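Student: Can you keep this structure in mind? I'll have questions shortly.
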DNA sequence: GTTATATTTAATAGCGCTATTAATTTTCGA
DNA sequence: TCGAAAATTAATAGCGCTATTAAATATAAC
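Chains as they are written, first to last, in our numbering: chain Z, 8 to 213; chain A, 8 to 213.
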């Protein structure tokens, strides 16, 4: 029986690669290991994806979209700026809770391999820019109205990303610096969403 | 002339290693490359430090201390809790500004090699715990007095680390998501210190 | 059933890395 | 100045990795 019983081998490779890349990053993951997880020959990984880089890129692009997706949706309901922002922050946090390794993947790859930034920008640059300019416009309108203090949209984005992503990025560090148990850490994660929302909304006040 | 003109070779290796480890992390830095930077034979790196791991550890430990150092000093002056906290946050931010690659190093190594957590904890565990418990005690006293809202000291630490470290961790990401120039990024970094202080002090209010 | 095509495997070239060893050169005190 | 100790080098064993190639096997169309 040569053919893989579990159906689509290409898909299995993709899934194993995703798990391993998220776990250890690009450099520490080998096509040999991916093949071992799937239970196939190592050459198959290259048969389907040619190079390790191509395999990684196809995964990475979708992950970047996932990370941004919380900010992409345009809310139809007529809600206040703060309420809309609150929902986006919560949605973003939820996505990260479900994919806690995501922030590390970005940091790791975009820091160690700045070349990839160009690739990413080509593919998602327009989307991310439109997200940014929409936020910028909304923010300026609110500032104009005097509802929130004057601030740079980059600062707001930074605060959101910092608070939301960092918990997942630094949880290994936290465990070292504070001698905290895994259960306590889970508790922190659980209640941290509202904490973040609170801090972010507080930071807007005039 | 066999002897290195620039004096202490061991020190030069240490410095080159530090630069490279900070730049690319443990895995992507080779002893071969370190030797090339120093201009010596690759075996010398192993002559002085035996293994790449030992070389890394000796650097890593000092970096962890550096990261924490802002919170170590006990301020003699009689200042309010908020003022003391403000100064610590600023000192911490200053250290990171001077060592912007530090946060990435921690995240990278403690995430990809959790084994190292044990080593770090053995060496700095007591120090970090005493820092934590001092903060905890001070915080509880202030909460008792009603000066700040009830909160977990872990939350406060998380907020500080998140806001301070993240800017330096994610600056490559920011450049992608927002199409920001290097000059603009420098501006953001420059004014971000007070922004962080503001957000942190705001987050304490009852 | 035969055959073209898709999938899978074994084998391997070629690279860079870590760590060790033995030999060589330099240093420096007696 | 001699010789032990320290510093440095060349050489290399041995490993795992990426990517390719050619051969083997399975699939499906006819």
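C-beta: ideal position from N, C-alpha, C; glycine also.
Because the structure is a prediction, the values reported are computed rather than measured.
I want to verify the contact list: residues of chain A whose CB lies under 7 Å from the CB of residue 113 of chain Z, in sequence order.
Tutor: Taking the first residue of the first chain as 1, we reach residue 113 of chain Z at position 106. The contacting residues are 180.
Student: Extract the residue ranges of the alpha helix (DSSP H) inside the region 57 to 123 of chain Z, only unbroken runs of 4 or more that lie entirely within it.
Tutor: Taken in chain order, the complete alpha helix (DSSP H) segments of 4 or more residues contained in the region 57 to 123 of chain Z are 59 to 79, 88 to 105 and 109 to 119.
Student: Give a yes or no on whether the C-beta atoms belonging to residue 114 of chain Z and residue 45 of chain A are separated by under 8 Å.
Tutor: The sequence position of residue 114 of chain Z within the first chain is 107, counting from 1. The sequence position of residue 45 of chain A within the second chain is 38, counting from 1. Not closer than 8 Å, so no.
Student: Here's a check: name, in chain order, each residue in its chain whose Cβ is nearer than 6 Å to the Cβ of residue 32 of chain Z, leaving out the five neighbours to either side.
Tutor: The residue labelled residue 32 of chain Z in the question sits at position 25 within the first chain. Closer than 6 Å at the Cβ level, and outside the excluded window around residue 32 of chain Z, lie 115.
Student: Rounded to the nearest angstrom, what separates residue 209 of chain A and residue 209 of chain Z at their Cα positions?
Tutor: Reading the second chain from its first residue, position 202 is the one you call residue 209 of chain A. Reading the first chain from its first residue, position 202 is the one you call residue 209 of chain Z. If you take the alpha carbons of residue 209 of chain A and residue 209 of chain Z, they lie about 7 Å apart.
Student: Given a threshold of 16 other Cβ atoms within 10 Å of its Cβ, counted over all protein chains shown, does residue 81 of chain Z qualify as buried or as exposed?
Tutor: Here residue 81 of chain Z refers to the residue found at position 74 when the first chain is read from its first residue. Classification for residue 81 of chain Z: exposed.
Student: Name, please, each residue of chain A whose Cβ falls closer than 7 Å to the Cβ of residue 65 of chain Z.
Tutor: Position 58 of the first chain holds residue 65 of chain Z. Chain A residues near residue 65 of chain Z: none, gap ~18 Å exceeds 7 Å.
Student: Going along chain A in order, which residues have a C-beta closer than 9 Å to the C-beta of residue 44 of chain Z?
Tutor: Along the first chain, one-based indexing puts residue 44 of chain Z at 37. The premise fails here: residue 44 of chain Z is roughly 18 Å from chain A at the closest Cβ pair, so nothing lies under 9 Å.
Student: Run through chain Z and tell me which residues come within less than 8 Å of residue 52 of chain A, C-beta to C-beta.
Tutor: In the second chain, counting from the first residue as 1, residue 52 of chain A sits at position 45. Those do not exist, as residue 52 of chain A stays about 20 Å from chain Z at its closest Cβ, beyond 8 Å.
Student: Within the 8 Å Cβ cut-off, does residue 34 of chain A reach chain Z?
Tutor: The residue given as residue 34 of chain A occupies position 27 in the second chain. Closer than 8 Å: yes.
Student: Can you pull out the residues from the region 152 to 167 of chain Z whose beta carbon lies closer than 8 Å to at least one beta carbon of chain A?
Tutor: Residues passing the 8 Å Cβ filter: 159, 161, 162, 164, 165 and 166.
Student: Scan the region 99 to 133 of chain Z for residues whose Cβ lies nearer than 7 Å to a Cβ of chain A and list them as they occur along the chain.
Tutor: Per Cβ criterion, the list reads 111, 113, 114, 115, 117, 118, 119, 121, 124, 127, 128 and 132.
Student: For residue 149 of chain Z, which residues from the same chain have a beta carbon less than 7 Å from its beta carbon, with the 5 sequence-adjacent residues on both sides left out?
Tutor: Residue 149 of chain Z sits at position 142 when you count from the first residue of the first chain. 88 and 155.
Student: Against chain Z, with Cβ distances strictly below 8 Å, would residue 201 of chain A count as a contact?
Tutor: Position 194 of the second chain, counting from 1, holds the residue named residue 201 of chain A. Not one chain Z Cβ lies under 8 Å of residue 201 of chain A.
Student: Which residues of chain Z have a Cβ atom closer than 9 Å to the Cβ of residue 87 of chain A, listed in chain order?
Tutor: By 1-based counting over the second chain, the position of residue 87 of chain A is 80. What residue 87 of chain A touches in chain Z: nothing, since even the nearest Cβ is about 20 Å away.
Student: Does the contact criterion of 3 or more C-beta pairs under 8 Å hold for the region 66 to 75 of chain Z versus the region 124 to 139 of chain Z?
Tutor: yes
Student: What span of residues does the alpha helix (DSSP H) with residue 20 of chain Z cover, start to end?
Tutor: As a first step, residue 20 of chain Z is located in the first chain; it is residue number 13 there, counting from the start. Element bounds for residue 20 of chain Z: 16 to 35.
Student: Any beta carbon from chain A within less than 8 Å of residue 169 of chain Z's own beta carbon?
Tutor: Residue mapping note: residue 169 of chain Z aligns to position 162 of the first chain, counting from 1. By this cut-off, residue 169 of chain Z is an interface position.
Student: Should residue 235 of chain A be labelled buried (16 or more other beta-carbon atoms within 10 Å of its own) or exposed?
Tutor: Residue 235 of chain A lies beyond the residue range present for chain A, which begins at 8 and ends at 213; the question has no answer from this structure.
Student: Residue 203 of chain Z lies in the alpha helix (DSSP H); which residues open and close that run?
Tutor: Translated into positions along the first chain, residue 203 of chain Z becomes position 196. 189 to 209 is the extent of the alpha helix (DSSP H) around residue 203 of chain Z.
Student: Between residue 76 of chain A and residue 108 of chain A, what straight-line distance do the alpha-carbon atoms span, to the nearest angstrom?
Tutor: Within the second chain, the letter at position 69 stands for residue 76 of chain A. Within the second chain, the letter at position 101 stands for residue 108 of chain A. When rounded, the distance between both Cα atoms is 16 Å.
Student: Measure the beta-carbon distance from residue 55 of chain A to residue 102 of chain A and round it to whole angstroms, keeping in mind my assumption that it falls under 8 Å.
Tutor: Position 48 of the second chain, counted from the start, is the residue given in the question as residue 55 of chain A. Position 95 of the second chain, counted from the start, is the residue given in the question as residue 102 of chain A. Not really, about 28 Å apart at Cβ, beyond 8 Å.
Student: Looking at the unbroken alpha helix (DSSP H) that takes in residue 43 of chain Z, where does it start and where does it end?
Tutor: Locating residue 43 of chain Z in the first chain gives position 36, counting from the first residue. That run of the alpha helix (DSSP H) goes 38 to 45.
Student: Under 9 Å Cβ-Cβ, which residues of chain Z neighbour residue 96 of chain A?
Tutor: What you label residue 96 of chain A is simply residue 89 of the second chain in a count that begins at 1. Simply none; closest approach about 13 Å.
Student: For residue 200 of chain A, which option in A:170, A:192 and A:182 has the closest C-alpha, if you only look at C-alpha atoms?
Tutor: The residue you call residue 200 of chain A lines up with position 193 of the second chain. The residue with the shortest Cα to Cα distance from residue 200 of chain A is A:170.
Student: Residue 206 of chain A versus chain Z: which residues are under 7 Å apart at the beta carbon?
Tutor: Position 199 of the second chain, counted from the start, is the residue given in the question as residue 206 of chain A. Within chain Z, the residues near residue 206 of chain A are 166, 206 and 210.
Student: Using a Cβ cut-off of 8 Å (strictly closer), state whether residue 62 of chain Z contacts chain A.
Tutor: To locate residue 62 of chain Z, count along the first chain from 1; it is residue 55. Not closer than 8 Å to any Cβ of chain A, the Cβ of residue 62 of chain Z fails to qualify, so no.
Student: With a cut-off of 8 Å on the beta carbons, I'd call residue 110 of chain Z and residue 175 of chain Z a contact; round off their distance for me.
Tutor: As a position in the first chain, residue 110 of chain Z is number 103, starting the count at 1. As a position in the first chain, residue 175 of chain Z is number 168, starting the count at 1. Distance from residue 110 of chain Z to residue 175 of chain Z at the Cβ level is roughly 5 Å; contact confirmed, criterion being Cβ atoms closer than 8 Å.
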